[in-house]
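Chemist: My numbering applies: residue 23 is where the sequence shown begins, and numbers increase by one. Beta carbons are placed, not taken as given, at the ideal position from N, Cα and C, and that holds for glycine.
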Amino acid sequence: MRGESASPDARYIANWVADSGDNRNLSFVIIDKKNTKVFVFDASAKLVGATPVLLGAKVGDDSVLGIGQKKIADVLPEERTTPAGRFMGEPGRNLSGENVVWVDYDAAVSMHRVRIVDPKERRLERLASPTTADNRISYGCVNVPIPFFEKVLAPVFNKSYGVVYVLPEERQLAEIFASAYDPAEKYGQARAPATFAAR
């Protein structure tokens, strides 16, 4: 991810996916919850784009059982988490008919355009701020800037599946991605696979 600011965990997972082919020749997304940032890659592990995002208001790595069956008004503050893990993302539509990318359909977690439902939430301002401290506001979904969703994310997932890697913020990375490894350690530093550059 040369030329793009990314955490060690995000680089670790990106390099592992590029080396192992865990994405199965599909486009993939890495959601770095600690840094509230999304990275989108094509099937050959080339970085297509990255952007700050808004995430679940509650810190945590698991969804509450049955959360996807609840009405949005019934979701408690402590249940508003963005789950960590490896998911098969797919294009679809939510109950409002809006096109989204489903991350975990059963838990009703998706990536979608940022919505201005309540101006008091200041979602656009939160996205624009330089800090990650105010990027936790959603019910669990990943809120993406509208231009990024339409120009980067939607074309990548246009009528096609992709893999979504959501990095943990409380649990250990190895606990969520047990098969992940550092290519530099696998091959030795001199033979480590090249990382990918933004296009």
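1) Cβ-heavy atom distance between Val139 and the ligand FMN below 7 Å?
2) Can you tell me where the beta strand (DSSP E) holding Leu189 begins and where it ends?
3) Give the secondary structure of Glu17 by DSSP, where H, G and I count as helix, E and B as strand, and everything else as coil.
4) Check whether the stretch 139–149 touches the stretch 115–126, counting contact only when three or more Cβ pairs, one atom from each stretch, lie closer than 8 Å.
5) Any contact of the stretch 69–82 with the stretch 91–103, i.e. 3+ C-beta pairs under 8 Å?
6) According to DSSP, is Leu69 helix, strand or coil?
7) Would you grab the beta carbon distance between Val188 and Gly111 for me? Rounded to a whole angstrom, and I think it's under 8 Å.
8) Quick one: residues in its chain with C-beta nearer than 6 Å to the C-beta of Asp54, no 5 flanking neighbours on either side, listed in chain order?
9) Does the beta-carbon distance from Leu69 to Met23 come in below 8 Å?
10) Could you tell me which uninterrupted alpha helix (DSSP H) segments, each at least 4 residues in length, are contained entirely in the stretch 136–171, listed from first to last along the chain?
11) If you draw a straight line from the alpha carbon of Phe178 to that of Ala67, how long is it in whole angstroms?
12) Pull up the CB-CB distance for Pro202 and Trp38, whole angstroms please, since I reckon it's below 8 Å.
13) Between the C-alpha atoms of Ala72 and Gly25, what's the straight-line distance to the nearest angstrom?
14) Within 10 angstroms of the Cβ of Asn180, are there 16 or more other Cβ atoms? Answer buried if so, exposed if not.
15) Rounded to whole angstroms, what is the Cα-Cα separation between Val86 and Gly162?
16) Is the beta carbon of Val136 sitting closer than 8 Å to the one on Pro167?
17) Looking at the C-beta of Val86, does it have a partner C-beta in chain C at a distance below 8 Å?
18) In chain order, what residues of the same chain have a beta carbon less than 8 Å from the beta carbon of Arg221, not counting five sequence neighbours either side?
19) At 3 residues or longer, and completely inside the stretch 41–65: list those beta strand (DSSP E) runs for me, N to C.
Modeler: Reading off the structure:
1) Although the ligand FMN was asked about, the structure shown includes no ligands whatsoever.
2) Working through the sequence shown from its first residue, we reach residue 189 at position 167. Element bounds for Leu189: 184–189.
3) Given a span of 23 to 221 for the chain in the structure shown, any question on residue 17 remains unanswerable.
4) no
5) yes
6) By one-based count along the sequence shown, residue 69 stands at place 47. The answer is strand: DSSP assigns Leu69 an E or B state.
7) The residue you call residue 188 lines up with position 166 of the sequence shown. The residue you call residue 111 lines up with position 89 of the sequence shown. The Cβ separation is near 10 Å, so there is no contact.
8) Here residue 54 refers to the residue found at position 32 of the sequence shown. Ser29, Ala32, Leu189.
9) Start at 1 with the first residue of the sequence shown, and residue 69 comes out as number 47. Start at 1 with the first residue of the sequence shown, and residue 23 comes out as number 1. Cβ atoms of Leu69 and Met23: closer than 8 Å.
10) 145–150
11) Residue 178 sits at position 156 when you count from the first residue of the sequence shown. Residue 67 sits at position 45 when you count from the first residue of the sequence shown. The identity of residue 178 in the sequence shown is Val, whereas the question assumes Phe. Whole-angstrom Cα-Cα distance: 12 Å.
12) Mapped onto the sequence shown, residue 202 falls at position 180. Mapped onto the sequence shown, residue 38 falls at position 16. Checking the sequence, you will find Ala at residue 202 rather than Pro. 4 Å between Cβ atoms; contact.
13) Against the sequence shown, residue 72 aligns to sequence position 50. Against the sequence shown, residue 25 aligns to sequence position 3. Going by the C-alpha atoms only, they are around 11 Å apart.
14) Within the sequence shown, the letter at position 158 stands for residue 180. So Asn180 counts as exposed.
15) To locate residue 86, count along the sequence shown from 1; it is residue 64. To locate residue 162, count along the sequence shown from 1; it is residue 140. Straight-line Cα distance between these residues: approximately 11 Å.
16) Taking the sequence shown and counting its residues from 1, one reaches residue 136 at position 114. Taking the sequence shown and counting its residues from 1, one reaches residue 167 at position 145. Result yes, Cβ atoms of Val136 and Pro167 sit closer than 8 Å.
17) Included in the structure is just one protein chain, with no chain C present.
18) Taking the first residue of the sequence shown as 1, we reach residue 221 at position 199. At Arg221, the pLDDT of 37 sits below 50, so the modelled position is not reliable; the number obtained from the coordinates is stated separately. Cβ neighbours of Arg221 beyond the five flanking positions: Lys68, Leu69, Val70.
19) 50–54, 59–63
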